Amino acid sequence: MDKQLTFTYEIMDVCLLAGKIMLQSGAETYRVEDTMTRMAAAFGFSHSHSYVTPTGIIFSVEGKEPTKTKLIRIAERTTDLEKVALVNGISRKISSGEFTADEAYQELKIVERASHTYPLWVQSVAAAVSSGCFLIMFMGKWPDFLPAVIAGGAGFISLIYFHRLVPIKFFSEFLASFIIGLLAFLFVKTGAGMEVDKIIIGSVMPLVPGLLITNAVRDLMAGHLVSGLSKGAEAFLTAFAIGSGIALVFSIFAGIGG
Amino acid sequence: MIEQLITSFIASAAFGMIFNAPRKSLMKCGFVGMLGWIIYYMMVENQLDTIFSTVVASFVIAVTGQIFSKIYKTPVIIFSVAGVIPLVPGGMAYDAMRNFVQNDYNIAISLAAKAFMVSGSIAIGLVFSEVINQAIRQTQLNRLNKGQGR
Chain R
1 MDKQLTFTYE IMDVCLLAGK IMLQSGAETY RVEDTMTRMA AAFGFSHSHS
51 YVTPTGIIFS VEGKEPTKTK LIRIAERTTD LEKVALVNGI SRKISSGEFT
101 ADEAYQELKI VERASHTYPL WVQSVAAAVS SGCFLIMFMG KWPDFLPAVI
151 AGGAGFISLI YFHRLVPIKF FSEFLASFII GLLAFLFVKT GAGMEVDKII
201 IGSVMPLVPG LLITNAVRDL MAGHLVSGLS KGAEAFLTAF AIGSGIALVF
251 SIFAGIGG
Chain Y
259 MIEQLITSFI ASAAFGMIFN APRKSLMKCG FVGMLGWIIY YMMVENQLDT
309 IFSTVVASFV IAVTGQIFSK IYKTPVIIFS VAGVIPLVPG GMAYDAMRNF
359 VQNDYNIAIS LAAKAFMVSG SIAIGLVFSE VINQAIRQTQ LNRLNKGQGR
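Protein chains in written order, with this note's numbering: chain R, 1 to 258; chain Y, 259 to 408.
Quick look at the structure:
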């Protein structure tokens, strides 16, 4: 009986760890729920319930003993699709019986600790280049390409830098978009750029919470009302931070008489 | 047209890098993004409605993503996220915000509503393809092992 109990707890730990990594790496809530239930089922617990919101996971397993429930809190969320893919692979292996609970736990620990992120400069270059590309996609002119690249890159770098300085997400987004707006205006004033609007739109794209908005609507449609609404709120706050950063630039330049 | 193809490919792949997609799938992310954007672009160029074009494009993105995820055994989200990024109404949301600041509330609200509709239609496209996928998988599962369904 005691052995069975520790086994149940072990399984719960494995499932929760997998869920935690996935949720922190930006997986959709329904995917997290699905993976956790499947993993539990693969270990022989066909009756498990998971309740996932963007800020926490509640998971309970029905065994022969009274039902066990555990809760974990998620504070920080980033987007790290490689981790989602890795956990997905582990869960596949569990389902096919290749991993025991212990092995899976060790593997998950490795995934949790590992950092697969690209170096910062690669990410910044990617953000910069994509800003320029977005400018073209949104009918911008080629002369604006370089300004958008510079503004987008600078915005992304400052987003990460400010986030390290002050760990309040919305503050760093506000400052980053402020810098983008400032740069765009300066480029146009000095004659290096042509259309402020297009430059700003292109360079702001790496900051825009597009993934969040879409995931929010998707969660709502899937019936995950709580996580849909909270993701929607997060997306709205981000959009608001970006908008007000740009707005500040506009009002400053309007004040000067530009 | 060719510049649209190239830039959308690069933009989607670059977003894959920002979102830290696995290295092997970056090219596929770029391809999915390019496909979606070109469909959207062509439809809008031919005077079709933005909302409808977005639904179709995101549907194609999701279907391609699902096919890729079957082939390469990776979650769909990797492809759909990077692919959908060009469709996201970032520019529209920005325009709305700017009009709010300049006290043009009427234009601002209509733009904001449109941005919301567009993001809703992205989600509809994604969900719709997922429903079809689920339906197919369900029938396959039922055929393969009865009672073992999801």
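Even for Gly, the Cβ is constructed at its ideal location relative to N, Cα and C.
Please read all numbers here as calculations on a predicted model, not as lab measurements.
{"query": "From the DSSP output, which residues share a beta bridge with residue 51(R)?", "result": "58(R)"}
{"query": "Nearest-angstrom Cα distance between residue 277(Y) and residue 26(R)?", "result": "9 Å"}
{"query": "Which ranges does the beta strand (DSSP E) cover as unbroken runs of at least 3 residues, wholly within the stretch 12-94 of chain R, from first to last along the chain?", "result": "48-53, 56-61 and 68-73"}
{"query": "Nearest-angstrom Cα distance between residue 34(R) and residue 319(Y)?", "result": "22 Å"}
{"query": "Is it right to say residue 215(R) is buried, meaning 16 or more other beta carbons lie within 10 angstroms of its own, or is it exposed?", "result": "buried"}
{"query": "Can you tell which of 45(R), 175(R), 167(R) and 168(R) has the C-alpha that lies nearest to the C-alpha of residue 151(R)?", "result": "175(R)"}
{"query": "Under a CB-based cut-off of 8 Å, is residue 204(R) close to chain Y?", "result": "yes"}
{"query": "How would you list, in chain order, the residues of chain R whose beta-carbon sits under 7 Å from the beta-carbon of residue 357(Y)?", "result": "None at all; the shortest Cβ gap to chain R is about 10 Å."}
{"query": "Taking residue 163(R) as part of the alpha helix (DSSP H), name the residues at either end of that continuous run.", "result": "145-165"}
{"query": "Which of the three DSSP states, helix, strand or coil, is assigned to residue 277(Y)?", "result": "coil"}
{"query": "Kindly examine the ligand SAH and report whether one of its heavy atoms sits closer than 7 Å to the Cβ of residue 220(R).", "result": "In the structure shown, the ligand SAH is absent, as is every other ligand, since no ligand is present at all."}
{"query": "Quick one: is residue 54(R) buried, meaning 16 or more other Cβ sit within 10 Å of its Cβ, or exposed?", "result": "buried"}
{"query": "According to a CB-to-CB cut-off of less than 7 Å, which residues of the stretch 113-136 of chain R neighbour chain Y?", "result": "116, 117, 118, 122, 123, 126, 127, 129, 130, 133, 134 and 136"}
{"query": "What residues from chain R crowd round residue 381(Y), counting only those whose CB sits closer than 7 Å?", "result": "214, 217, 218 and 221"}
{"query": "Would residue 144(R) be called buried (16 or more neighbouring beta carbons within 10 Å of its own) or exposed?", "result": "buried"}
{"query": "Are there 16 or more other CB atoms within 10 angstroms of the CB of residue 238(R), so buried, or fewer, so exposed?", "result": "buried"}
{"query": "My guess is that residue 22(R) and residue 32(R) are in contact by the Cβ rule of under 8 Å, so how many angstroms apart are they, rounded?", "result": "5 Å"}
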